[in-house]
Amino acid sequence: VIHKPGASGVWDLLLDTQDGQLVFLPPGALDIASDAMIVPLPGEDFFDVIEAPEDTTQYSTDLPVLVDTETVYVVRTHQGTNRFGLPCSFYGKLQPLDADPVLGTVRFLYDVSTLCDDRGLIPEDN
Numbered sequence: 282v283i284h285k286p287g288a289s290g291v292w293d294l295l296l297d298t299q300d301g302q303l304v305f306l307p308p309g310a311l312d313i314a315s316d317a318m319i320v321p322l323p324g325e326d327f328f329d330v331i332e333a334p335e336d337t338t339q340y341s342t343d344l345p346v347l348v349d350t351e352t353v354y355v356v357r358t359h360q361g362t363n364r365f366g367l368p369c370s371f372y373g374k375l376q377p378l379d380a381d382p383v384l385g386t387v388r389f390l391y392d393v394s395t396l397c398d399d400r401g402l403i404p405e406d407n
């Protein structure tokens with residue numbers, strides 16, 4: 282069931298099943314205005330992805346993106362405010378560890394930068 286955005290908090294991706302396969306849907310795929318976007322980086326190692334791609338034309342804003350356990354995904358969040366009240370987006374990465382289209386579930390590893398508009402994806406303690 283797709284809930285109305287904001288009903289259970291803020292979200293940037295939806296997990297859906299299409300043609301028997303799991304997909305990530307950015308809000309634009311549901312005609313919901315948002316700055317959120319996702320880009321798959323197939324064949325990349327999670328820990329080697331240290332920066333989000335700069336070219337935003339590579340990102341999907343309104344099309345389904347197939348869930349693949351051999352792919353790292355970079356997500357740019359919707360525009361919000363940082364702890365100082367300034368408008369910005371945040372970048373994060375995730376890699377599905379396992380995906381079950383029958384149950385409609387994905388278990389994944391993720392990391393999100395806490396720095397406003399910073400494409401760096403290295404944990405701050407490294």
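In terms of the numbering used here, the sequence shown opens at residue 282 and continues consecutively.
For glycine and all other residues, C-beta sits at the position ideal for the given N, C-alpha and C.
Predicted model, so just to flag it, every value in this text is computed and none were measured.
inquiry  = Taking DSSP's pairing of strands, which residues face A380 in a bridge?
reply    = Bridge partners of A380: V387.
query = Which word fits Q360, buried or exposed, when buried means at least 16 other C-beta atoms lie within 10 angstroms of its C-beta?
reply = Exposed, by the Cβ-count rule.
ask   = Are the CB atoms of D293 and T358 nearer to each other than 8 angstroms?
value = Yes, the pair counts as a contact, with Cβ atoms nearer than the cut-off.
task = Report whether the distance from the Cβ of L367 to the nearest heavy atom of the ligand NAP is below 7 angstroms.
result = Ligands are entirely absent from the displayed structure, and the ligand NAP is therefore not among its contents.
inquiry  = Do S394 and F365 count as a contact pair if the criterion is CB distance below 8 angstroms?
reply    = S394 is positioned such that its CB atom lies no closer than 8 angstroms to that of F365.
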